[in-house]
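Participant: Numbering (this note's numbering), first residue to last: 1014 to 1309. Just so you know, even glycine gets a beta-carbon here, dropped at the ideal spot from N, CA and C. Can you keep this structure in mind? I'll have questions shortly.
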């Protein structure tokens, strides 16, 4: 039965592809009409077919939208059209910082339960979206609660993870992985540090500052400091970009990718090579930076 469903899902996507190839100047995908400029996304259709074939029951009757750098699969045509636009903008933001655009398949399941199936063994608890190899999975309940700006930031954050192969980064420090994705995600948002890091700002006002960069446990679901961990990680990457330059932040990330399996020694080596300081030195100066940037 599963094999038959998989075959039907692949046949459905193949039919949409054949139909879209016949329609110009607009591109018809399911019942969604997109401008012909969306056609470059054709190169991602084989990946979308393969991913949809992993869980064919979820995608029965779904629609598909193409952007320049994304293919979006889901049941709500208006939402997948919006996501195709948002994700293409996010891909361009990633390209500006990371140096090249990112191609991805964006999956929009109908329910949180379906999102959990797609994300397994990772958890979707408390998330609006999460990234996997070559894909972004939307958690529909969490995503629906976001503002328009929040949706753009989240999509760009997750596309950054796809671009940097975050799922394969091994022992890289979580503060760098998550902080860099937030740094790219918040790029151009116009939001102040106090607005973005509201929980951290409250801690600083209460005389309870952090004493170290956040570790993996701080980012775990259920951690009482999860919000602060993301805020601190973002501000660590922002601090590096402000003090050393955005190109050095990118260089640090790339260097850490090459030494991630070495744990703390690896990131310290990468930091010395790219920034000229140790992890301890960076941590001290970052801690001094926090109350200054929050007060701006």
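Which residues mark the beginning and the end of the alpha helix (DSSP H) in which residue 1202 is found?
Facilitator: That residue, residue 1202, is in no alpha helix (DSSP H); it is neither H nor E in DSSP.
Participant: With a threshold of 16 other CB atoms inside 10 Å of the CB of residue 1171, please say whether the residue is buried or exposed.
Facilitator: Answer is buried; the Cβ neighbour count reaches 16.
Participant: By how many angstroms is the C-alpha of residue 1206 removed from the C-alpha of residue 1304?
Facilitator: Between residue 1304 and residue 1206, the C-alpha separation is close to 10 Å.
Participant: Going by Cα to Cα distance, which pick from 1292, 1191, 1138 and 1272 is closest to residue 1281?
Facilitator: Measuring from the Cα of residue 1281, the nearest candidate turns out to be 1292.
Participant: Pull up the distance between the alpha-carbon of residue 1079 and that of residue 1278, whole angstroms please.
Facilitator: Spanning the two alpha carbons is a distance of roughly 43 Å.
Participant: Is the stretch 1256 to 1264 touching the stretch 1210 to 1222 in the sense that three or more CB pairs, one from each, lie closer than 8 Å?
Facilitator: Not touching, per the Cβ criterion.
Participant: Would you grab the beta carbon distance between residue 1226 and residue 1306 for me? Rounded to a whole angstrom, and I think it's under 8 Å.
Facilitator: Contact flag wrong, Cβ pair sits at about 15 Å.
Participant: Step through the CB atoms of chain B and report whether any lies within less than 8 Å of the CB of residue 1263.
Facilitator: Considering every chain present, this structure includes no chain B. It has just one protein chain.
Participant: In angstroms with no decimal places, state the Cα-to-Cα distance between residue 1130 and residue 1140.
Facilitator: Cα-Cα distance, rounded: 14 Å.
Participant: Verify whether the separation of the beta carbon atoms of residue 1106 and residue 1169 is less than 8 Å.
Facilitator: Contact flag set, yes.
Participant: Starting from the N-terminal side, write out each stretch of the beta strand (DSSP E) that is 3 residues or longer and does not extend beyond the stretch 1083 to 1118.
Facilitator: With a minimum length of 3 residues, the continuous beta strand (DSSP E) runs that stay inside the stretch 1083 to 1118 are 1083 to 1087.
Participant: Is the beta carbon of residue 1100 closer than 8 Å to that of residue 1119?
Facilitator: Taking 8 Å as the Cβ cut-off, residue 1119 and residue 1100 qualify as a contacting pair.
Participant: Per the DSSP calculation, residue 1148 is bridged to which residue(s)?
Facilitator: Answer is 1118 and 1145.
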